[in-house]
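Quick notes on the structure that follows.
Number of protein chains: 2
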Amino acid sequence: MSKSILSESPEFNYSEQSNYYNPEAFTELVSNRRSCRVYSDEQIPEEIMLKCLDLALLAPNSSNMQPWEFYWVRSEDKRNKLTSYCLNQNTVKTAAEMIVVVARTDTWKRNSKLMLEAFETQEIKVPKSATQYYSKIVPLAYNQGFLGWLGMIKRIVFSIIALRKPMVRQPKSTADMRVWSNKSTALACENLMLAFRAYGYDTCPIEGLDQRRVRRMLNLPYGKAEVCMAISVGRRAENGIYGPRIRFDSSLFIKEV
Amino acid sequence: MSKSILSESPEFNYSEQSNYYNPEAFTELVSNRRSCRVYSDEQIPEEIMLKCLDLALLAPNSSNMQPWEFYWVRSEDKRNKLTSYCLNQNTVKTAAEMIVVVARTDTWKRNSKLMLEAFETQEIKVPKSATQYYSKIVPLAYNQGFLGWLGMIKRIVFSIIALRKPMVRQPKSTADMRVWSNKSTALACENLMLAFRAYGYDTCPIEGLDQRRVRRMLNLPYGKAEVCMAISVGRRAENGIYGPRIRFDSSLFIKEV
Numbered sequence: 159m160s161k162s163i164l165s166e167s168p169e170f171n172y173s174e175q176s177n178y179y180n181p182e183a184f185t186e187l188v189s190n191r192r193s194c195r196v197y198s199d200e201q202i203p204e205e206i207m208l209k210c211l212d213l214a215l216l217a218p219n220s221s222n223m224q225p226w227e228f229y230w231v232r233s234e235d236k237r238n239k240l241t242s243y244c245l246n247q248n249t250v251k252t253a254a255e256m257i258v259v260v261a262r263t264d265t266w267k268r269n270s271k272l273m274l275e276a277f278e279t280q281e282i283k284v285p286k287s288a289t290q291y292y293s294k295i296v297p298l299a300y301n302q303g304f305l306g307w308l309g310m311i312k313r314i315v316f317s318i319i320a321l322r323k324p325m326v327r328q329p330k331s332t333a334d335m336r337v338w339s340n341k342s343t344a345l346a347c348e349n350l351m352l353a354f355r356a357y358g359y360d361t362c363p364i365e366g367l368d369q370r371r372v373r374r375m376l377n378l379p380y381g382k383a384e385v386c387m388a389i390s391v392g393r394r395a396e397n398g399i400y401g402p403r404i405r406f407d408s409s410l411f412i413k414e415v
Numbered sequence: 159m160s161k162s163i164l165s166e167s168p169e170f171n172y173s174e175q176s177n178y179y180n181p182e183a184f185t186e187l188v189s190n191r192r193s194c195r196v197y198s199d200e201q202i203p204e205e206i207m208l209k210c211l212d213l214a215l216l217a218p219n220s221s222n223m224q225p226w227e228f229y230w231v232r233s234e235d236k237r238n239k240l241t242s243y244c245l246n247q248n249t250v251k252t253a254a255e256m257i258v259v260v261a262r263t264d265t266w267k268r269n270s271k272l273m274l275e276a277f278e279t280q281e282i283k284v285p286k287s288a289t290q291y292y293s294k295i296v297p298l299a300y301n302q303g304f305l306g307w308l309g310m311i312k313r314i315v316f317s318i319i320a321l322r323k324p325m326v327r328q329p330k331s332t333a334d335m336r337v338w339s340n341k342s343t344a345l346a347c348e349n350l351m352l353a354f355r356a357y358g359y360d361t362c363p364i365e366g367l368d369q370r371r372v373r374r375m376l377n378l379p380y381g382k383a384e385v386c387m388a389i390s391v392g393r394r395a396e397n398g399i400y401g402p403r404i405r406f407d408s409s410l411f412i413k414e415v
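Line by line, the protein sequences are chains A and B. According to this note's numbering, the first sequence is numbered sequentially starting from 159. According to this note's numbering, the second sequence is numbered sequentially starting from 159.
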């Protein structure tokens, strides 16, 4: 189905090389990122906020559908509400800034059209299989229909085809679409948190929040958008990190097969 | 409920500061990371594979439950199968190495116990609220019961409490647990992909795969583990990147409220 664009040699006449090599800087960056629970009262320049948000947008994501949204909560009223919706956690109370990161299961419709427009305007010639991917495969893959009826049909049809040969079977339900959108959005969240650390600031990802109240505050459409996580940002206080990092034995997580 | 550990000033006597500041290196790293579709035949030293996997494990994650697993597919037989399960995509066919990243919804049981053990053995005194968080709150939050019956009850009880005050209502279903585990796992995936780029290698995240066949190949328990994404790794070929990066207008994604 989506075989042509993915497995055949494309006809693009494009080359992009990279000599980037700096394992030390990245190792140090990752080692220095800790979830910060208490911030100092130092503010963050607006310019740095925007630069870090822009770096988040460069994360890889599913079919380039960029299913994320970043709500930078600046109004005092919303900020106070958000603090209470996060159960007054220290990391939120003391944060210089708060960003609510939202995963959307509906914006692929708009974004697949934007992708086709981008293909038309760019200088590089795009093969037909790529435009077909966005005009036909993406709507087929992501549209689950009202109450998921289309997903149900796909589930049955794909299961039958998959008896014979390997087949991409997901997303085939509204739950799968939630998983799908949160996955790409989380990739961007990690970029964002590392970006702030690179600029000397700290963050903490927050899932312990009242999903419904935050969603209403941001006027997010029910069933099409959910909070992936909120992220607090600021300058680490003296007592900002609660203890040494704990990671269990890596053999529990890394397996060679 | 989980208020004490999160919103009260803890009694830890611990301080960890960081002077790390290197926005240029991270900006360059993120800008140079592109999803690579064709790799050269250069191999990757085992040492670098392991270093990058270790950096993945340092990602932030929900309640430190580290719900991820990284299957480095080294056997020729499994690698061939995986290539076919990924529909023979170029990025898989030509990759020097393949890693299947798995999100688990069940390992929090083991890991919450490991967390309590870690508290006992570390030098820093841990307040009672933290041990209670892992002995009581975590099981209450993540256990959904057989076929989700416990989740249903929690959903009702928490909804009633939430009429009065903000309340953490999720995860309250098996679907929520899938979202939860994939989210943390994706944070680690982004670390992993950036780590390889920092070491001079490229990656491509792959969701277009036969979830069931891959799960069976890895002997993953049904309903408790799913493939978050596969990641191909290698040295970028001349024609590895198919075109210039496309990102839609940032005003679609970044909103100040």
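Quick reminder that beta carbons are idealized off the backbone N, C-alpha and C, glycines included. Quick caveat, the model's predicted, so the values are computed rather than measured.
Residues of the same chain with a CB within less than 6 Å of the CB of cysteine 194(A), apart from the 5 flanking positions on each side, are Asp360, Cys362, Arg394, Gly398 in chain order. Per DSSP, the unbroken beta strand (DSSP E) holding glutamate 255(B) starts and ends at 255–262. With fewer than 16 neighbouring CB atoms inside 10 Å of its own CB, proline 297(A) falls in the exposed class. Scanning its chain for C-beta atoms nearer than 6 Å, with the 5 sequence neighbours on each side dropped, one finds around tryptophan 230(B) the residues Ile257, in chain order. Within chain B, Leu213 have C-beta atoms less than 7 Å from the C-beta of threonine 185(A), given in sequence order. Taking 7 Å as the upper bound on Cβ-Cβ separation, chain B lies near residues Asp212, Leu213, Leu215, Leu216, Ala217, Pro218, Ser220, Asn222, Gln224, Trp226, Glu227, Phe228, Tyr229, Trp230, Val231, Arg232, Ser233, Lys236, Ser242, Tyr243, Leu245 of the stretch 212–245 of chain A. For alanine 356(A), the enclosing alpha helix (DSSP H) stretches over residues 332–356. Here tryptophan 338(A) has Ser220, Pro329 as same chain residues with Cβ atoms under 7 Å from its own Cβ, once five neighbours each way along the sequence are excluded.
Using a CB distance cut-off of 9 Å, valine 284(B) counts as an interface residue toward chain A. Counting along the chain, aspartate 360(B) sits inside the beta strand (DSSP E) bounded by residues 360–364. Taken in chain order, the members of the stretch 334–356 of chain A whose beta-carbon sits within less than 7 Å of a beta-carbon on chain B are Arg336, Val337, Asn340, Lys341, Ala344, Leu345, Cys347, Glu348, Asn349, Met351, Leu352, Ala353, Arg355, Ala356. For cysteine 386(B), there is no enclosing alpha helix (DSSP H); the residue is part of the beta strand (DSSP E) that begins and ends at 383–392.
In the three-state reduction of the DSSP assignment, tyrosine 172(B) falls in the coil class. Separation of lysine 271(B) and glycine 381(B) (C-alpha to C-alpha, rounded to the nearest whole angstrom) is 22 Å.
For aspartate 368(A), the chain B residues whose C-beta falls within less than 9 Å of its own C-beta are Ala320, Lys323, Pro324, Met325, Val326, Arg327, listed in chain order. Taking methionine 310(A) as reference, the option from Ser331(A), Glu205(A), Glu348(A), Ala276(A) with the minimal CA-CA separation is Ser331(A). In the three-state reduction of the DSSP assignment, isoleucine 202(A) falls in the coil class, being assigned neither a helical nor a strand state.
Listed by position along chain B, the residues whose Cβ is nearer than 9 Å to that of arginine 374(A) form an empty set, because the closest Cβ is around 11 Å away.
When the five nearest sequence neighbours on each side are left out, the beta carbons in the same chain lying within less than 6 Å of the beta carbon of threonine 252(A) are those of Val196, Tyr197, in order along the chain. In this model, arginine 327(A) and aspartate 368(B) are separated by some 6 Å (Cα to Cα). Cα atoms of glycine 401(B) and phenylalanine 316(A): separation of roughly 31 Å, rounded to the nearest angstrom. Beyond the five residues adjoining it in sequence on each side, asparagine 222(B) comes within less than 7 Å, by CB distance, of Met273 in the same chain, given in chain order. For arginine 371(A), the neighbours in chain B by C-beta distance under 9 Å run, in chain order, Ala320, Pro324, Met325. Going by C-alpha positions, tyrosine 243(B) is about 30 Å away from arginine 268(A). Straight across, the Cα-Cα distance linking isoleucine 282(B) with glutamate 278(A) is about 59 Å. The beta-carbon separation of tyrosine 300(A) and methionine 335(A), rounded to 7 Å, stays under the 8 Å limit for a contact.
Within chain B, the residues whose beta carbon sits less than 7 Å from that of proline 363(A) are Pro218, listed in sequence order.
With distances taken between CA atoms, asparagine 349(B) lies nearest to Leu187(A) out of Trp307(A), Ser176(A), Leu187(A).
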